[in-house]
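Below: one structure, written as structure tokens.
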Amino acid sequence: MLKRNILLIISQLLILSLFLYPGSTARTAFAAGGSRYFPETGHTVQGKFLDYWQSHGGLPIFGFPITDAKPEVDPETGKVFLSQWFERNRFELHPEFAGTEYEVLLGLLGKQLRGEAQAADPAFTRTTALYNPGIARDKQWYFPETGHNLRLRFLQYWLENGGLMRFGYPISEEHEEVDPETGNVFLLQWFERARFEYHPENRPPYDILLGLLGNQLKNSGKRLELSWKIGTPGYRLYKAGKIAFDQWDNLYLSDSISNVQIFTPDGRFQGLIGGPGSNNGQFYGATGMEVDATGNLYVADMSNNRVQKFDSQGNFLLKWGQVGAGDGQFSGPSAVVVDKANNVYVTDNYNNRIQKFDSQGRFLAKWGSQGSGDDQFSYPKELAIDAQNNLYLADGENHRIQKFDSQGHFLAKWGNPGSGQGQFNWINGLAVDAQGNIYVADTIIVEAEKKSFGRVQKFDSQGRYLLEWNGRNDPDGWFYTPTGLAVDKQGNFFLVEGSESFSRVKKFDGQGHLLAQWNRTGTGEGQFSNPQGFTLDRAGNIYVADTANQRIQKFDSQGRFLLAWGSPGNGNGQFGDPRDVAADSQGNVYTLENSVRVQKFDSQGHFLSKWNLSRVDAYSVATGIAIDRQDNLFVGYAGFVLKYDSQGHLLQKWALQPYSGPTSLALDGQGNLYVAVLGTEACFVLKYDSNGQLLTQWEEEQKSQVMDIALDSSGNLYEIINSPAFVYIQKKDPNGQIVYKWADRSKNADGEINALHGSLALAVDISGRVYILDSTLNRLTKFRQP
Numbered sequence: 001m002l003k004r005n006i007l008l009i010i011s012q013l014l015i016l017s018l019f020l021y022p023g024s025t026a027r028t029a030f031a032a033g034g035s036r037y038f039p040e041t042g043h044t045v046q047g048k049f050l051d052y053w054q055s056h057g058g059l060p061i062f063g064f065p066i067t068d069a070k071p072e073v074d075p076e077t078g079k080v081f082l083s084q085w086f087e088r089n090r091f092e093l094h095p096e097f098a099g100t101e102y103e104v105l106l107g108l109l110g111k112q113l114r115g116e117a118q119a120a121d122p123a124f125t126r127t128t129a130l131y132n133p134g135i136a137r138d139k140q141w142y143f144p145e146t147g148h149n150l151r152l153r154f155l156q157y158w159l160e161n162g163g164l165m166r167f168g169y170p171i172s173e174e175h176e177e178v179d180p181e182t183g184n185v186f187l188l189q190w191f192e193r194a195r196f197e198y199h200p201e202n203r204p205p206y207d208i209l210l211g212l213l214g215n216q217l218k219n220s221g222k223r224l225e226l227s228w229k230i231g232t233p234g235y236r237l238y239k240a241g242k243i244a245f246d247q248w249d250n251l252y253l254s255d256s257i258s259n260v261q262i263f264t265p266d267g268r269f270q271g272l273i274g275g276p277g278s279n280n281g282q283f284y285g286a287t288g289m290e291v292d293a294t295g296n297l298y299v300a301d302m303s304n305n306r307v308q309k310f311d312s313q314g315n316f317l318l319k320w321g322q323v324g325a326g327d328g329q330f331s332g333p334s335a336v337v338v339d340k341a342n343n344v345y346v347t348d349n350y351n352n353r354i355q356k357f358d359s360q361g362r363f364l365a366k367w368g369s370q371g372s373g374d375d376q377f378s379y380p381k382e383l384a385i386d387a388q389n390n391l392y393l394a395d396g397e398n399h400r401i402q403k404f405d406s407q408g409h410f411l412a413k414w415g416n417p418g419s420g421q422g423q424f425n426w427i428n429g430l431a432v433d434a435q436g437n438i439y440v441a442d443t444i445i446v447e448a449e450k451k452s453f454g455r456v457q458k459f460d461s462q463g464r465y466l467l468e469w470n471g472r473n474d475p476d477g478w479f480y481t482p483t484g485l486a487v488d489k490q491g492n493f494f495l496v497e498g499s500e501s502f503s504r505v506k507k508f509d510g511q512g513h514l515l516a517q518w519n520r521t522g523t524g525e526g527q528f529s530n531p532q533g534f535t536l537d538r539a540g541n542i543y544v545a546d547t548a549n550q551r552i553q554k555f556d557s558q559g560r561f562l563l564a565w566g567s568p569g570n571g572n573g574q575f576g577d578p579r580d581v582a583a584d585s586q587g588n589v590y591t592l593e594n595s596v597r598v599q600k601f602d603s604q605g606h607f608l609s610k611w612n613l614s615r616v617d618a619y620s621v622a623t624g625i626a627i628d629r630q631d632n633l634f635v636g637y638a639g640f641v642l643k644y645d646s647q648g649h650l651l652q653k654w655a656l657q658p659y660s661g662p663t664s665l666a667l668d669g670q671g672n673l674y675v676a677v678l679g680t681e682a683c684f685v686l687k688y689d690s691n692g693q694l695l696t697q698w699e700e701e702q703k704s705q706v707m708d709i710a711l712d713s714s715g716n717l718y719e720i721i722n723s724p725a726f727v728y729i730q731k732k733d734p735n736g737q738i739v740y741k742w743a744d745r746s747k748n749a750d751g752e753i754n755a756l757h758g759s760l761a762l763a764v765d766i767s768g769r770v771y772i773l774d775s776t777l778n779r780l781t782k783f784r785q786p
């Protein structure tokens, strides 16, 4: 109650300040006082602003001044304040609060930069309280005012450095996002007045740094800057690996082999530990995890050849190990388990042994050697422990399970190579339930079909085969080769599949019936599965070809879901892999399908008409669609461009020889058509008039591909180019001169793109905002230009 009353009083004072400030007195209210010139940026800070800067954190909190003080209109209220910009924020002078701590207030830069995201972005939309029962309640607050959680180290920093007065309320959940100033990815959280970034490589208090929001607003950088995204949850699930549970059935999931993510049992993101590196709390290969009875987390850090221990709040406690073959040394530790006495067992892969330690990392025992006999191993990978402290080891290249007691005495073994019952092909997951049943995840190979499938086999504690499932004939339960396996207290088991292009977690009961799953794809409103194309209509509404979900989704200009239509099939209003979509001057929507068909709908998704394209051959598919101001349709198909009127009558057809393609189409305001094509060694953009006469062409980077093109209202050309080195976005003026390039060597944090295994589509709205549809990450992202 005390916390809520304090917050209420402060918020009322802040609101009152917005109405009382007399902007006309801004210049005289800036009292004379001390002055400091900063040669680093060439600006001076003086008077009340200097007092505030010095007494509230100075350079680490606010950075250098990047302007002098002058009256400015506050975009949040429309009022005039004497203001001064710093690298990380903006100071506003409020003389009506003279003599109080509210005389200088910080600008609402967080809301100014990410206000659009609050309408639709999953990380910014209101959510419910996420309380972890293993963490003290005073370390996890929920703010109903904005519908967001603030927890652990971010909460501690917020409280210790000014709280609501300085930073405002949280307006997002924790999530990973690229910093446009540096191009680096951080776990961060947005507030009304600031952005917190987590830097585990730094010692407190510098493990939390404030984003350079002043620079972002006043000095645009070289990257496109994120406005919002739709289509994905507010957490990163990129290359999922191993999985473990704590005593409250929270999930710990290693992802991208460099961090550990924490989820509630129903899949809601709760936090993240680590990042790539070799410092304390960082990983190069988080390949095995276990949580003890008190909530401490042990991680086998494979490439760093060590084990790290964290408390229940994710704070680093200790580490042990280095590369070698001696006691307490490792060569590729891959799995870790903890017994009831908190002894820790670690598989030492390339040394072909198991090592035992106490909870402080002190060496106790070891057993195993290279070979195929009892108590011998060949690439021991997975490890599990039962209620009696018996250990089960996946003996990788021997294709078997071995069982030991806690002292390392051999008890039993079973398995041999193959896809039959009790046989194994490269075990990737091992778990034991409360009844002592053993679950083993591996791969079965069907030679006749030239296919492989993931499967799980279940055994009793003596190794007797009980049952198996692979979901081969069940599209919901089916899975690829699993990467991790764990069992909760209720006997449900969780299976992880992880790759750069596809990661998900599936939950099954003990008989193999699918209960739930979550990943980057979805079938709900605002979720996508392999989306291939999109368009903006003249009102700014967005239509997305949600290809694998066989539907079209419509959003407003803020990314808010409006409606969806379509289902699998060949009938009217049904789809066979819609690839692209376009809108005419009347708001009608045209869809282009892989089956080489165009369908026409009104803006509410009601079917109007359809027509088939004349097939060039049995294998070609249509690749893009564009509409000019006269509502003529241009369709890219094999090596041709087809031009239709709005009723589907073919008006013209021209070949693109000697080029193959096209890969994408775009139209300018004069009706000229731009076509991206592939040549022998390079890609090209060809410019035609509306009758198919070639006007000019540009050659792009050698051995690259133009994935999509778009034009803005000024005739500037935007291209997404997939080069051998990385993907980049390029802007050219109407004369073909490059205005800027934005390179992205990224994976999938917010503000990044990923074209490793999919496609990217591009559009630009009337305000010059850039939209990118990413089929790999199943999301649509809106950016501000530099």
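The sequence shown: position 581 = 581 (the numbering used here), numbered continuously.
Even glycine gets a Cβ: it sits at the ideal position worked out from N, Cα and C.
Quick check on DSSP: helix, strand or coil for residue i?
i	result
phenylalanine 377	strand
threonine 547	helix
tyrosine 659	coil
lysine 70	strand
asparagine 349	helix
leucine 2	Residue placement at leucine 2 is poorly supported in this model, since its pLDDT is 40, which falls under 50; the coordinates still yield a value, given next. The answer is helix: DSSP assigns leucine 2 an H, G or I state.
lysine 111	helix
asparagine 215	helix
alanine 394	strand
alanine 98	coil
tryptophan 320	strand
leucine 7	Because leucine 7 carries a pLDDT of 49, less than 50, the predicted location of this residue cannot be relied on, and no value is offered for it.
leucine 711	strand
glutamine 12	Caution applies to glutamine 12, whose pLDDT of 45 falls short of 50 and renders its modelled position unreliable; the value that the coordinates give is listed next. In this structure, glutamine 12 counts as helix in the three-state DSSP scheme.
phenylalanine 118	It should be pointed out that residue 118 corresponds to glutamine in this sequence rather than to phenylalanine. Glutamine 118: helix per DSSP, three-state reduction.
threonine 128	coil
alanine 626	strand
lysine 489	coil
valine 596	coil
phenylalanine 19	Its pLDDT being 36, under 50, phenylalanine 19 is placed unreliably by the model, and the measurement read from it follows with that caveat. In this structure, phenylalanine 19 counts as helix in the three-state DSSP scheme.
serine 781	The residue asked about is misnamed: residue 781 is threonine in this sequence, not serine. In this structure, threonine 781 counts as strand in the three-state DSSP scheme.
arginine 579	strand
Taking the continuous alpha helix (DSSP H) assigned at residue i, which residues delimit it?
i	result
glutamate 103	That residue, glutamate 103, is in no alpha helix (DSSP H); it is neither H nor E in DSSP.
tryptophan 53	47 to 55
proline 60	58 to 62
glycine 163	163 to 167
arginine 189	For clarity, residue 189 is glutamine in the given sequence; the question names arginine instead. Careful: glutamine 189 lies outside any alpha helix (DSSP H), inside the beta strand (DSSP E) at 185 to 190.
glutamate 593	First-last for glutamate 593: 589 to 593, but that is the beta strand (DSSP E), not the alpha helix (DSSP H).
glutamate 181	Glutamate 181 -> no alpha helix (DSSP H), and no H or E assigned at all.
phenylalanine 154	152 to 160
Just checking my contact of residue i with residue j at CB under 8 Å: how many whole Å lie between their CB atoms?
i	j	result
glycine 183	arginine 223	6 Å
threonine 776	glycine 758	4 Å
cysteine 683	serine 660	Wrong, their Cβ atoms sit about 10 Å apart, outside the cutoff.
tyrosine 543	valine 589	6 Å
glycine 533	aspartate 577	11 Å between Cβ atoms; not a contact.
isoleucine 262	glycine 271	5 Å
Looking at the secondary structure, which residues open and close the beta strand (DSSP E) in which residue i lies?
i	result
lysine 222	Premise fails: lysine 222 is in no beta strand (DSSP E) and is neither H nor E.
leucine 791	The question about residue 791 has no answer, for the chain in this structure spans 1 to 786.
arginine 36	35 to 38
lysine 137	In the sequence as displayed, the identity of residue 137 is arginine instead of lysine. Run containing arginine 137: none; DSSP gives neither H nor E here.
glutamine 308	306 to 310
tyrosine 771	770 to 774
methionine 302	It is not in any beta strand (DSSP E) - methionine 302 carries neither H nor E in the DSSP assignment.
isoleucine 257	Note, isoleucine 257: premise wrong, no beta strand (DSSP E); not H, not E.
Considering only residues of the region 429 to 485, which uninterrupted beta strand (DSSP E) runs meet the minimum length of 3 residues and lie entirely inside it, listed in chain order?
429 to 432, 438 to 446, 451 to 459 and 465 to 469
Counting only runs of 3+ residues fully inside the region 714 to 755, write out the beta strand (DSSP E) ranges in chain order.
717 to 722, 727 to 732 and 738 to 744
Under 8 Å, with one C-beta from each stretch per pair, do the region 331 to 350 and the region 386 to 394 reach the 3-pair mark?
yes
Are at least three pairs of beta-carbons, each pair with one atom in the region 47 to 57 and one in the region 201 to 209, less than 8 Å apart?
No, the region 47 to 57 does not touch the region 201 to 209.
Within 8 Å, do at least three Cβ pairs link the region 423 to 443 to the region 482 to 500?
yes
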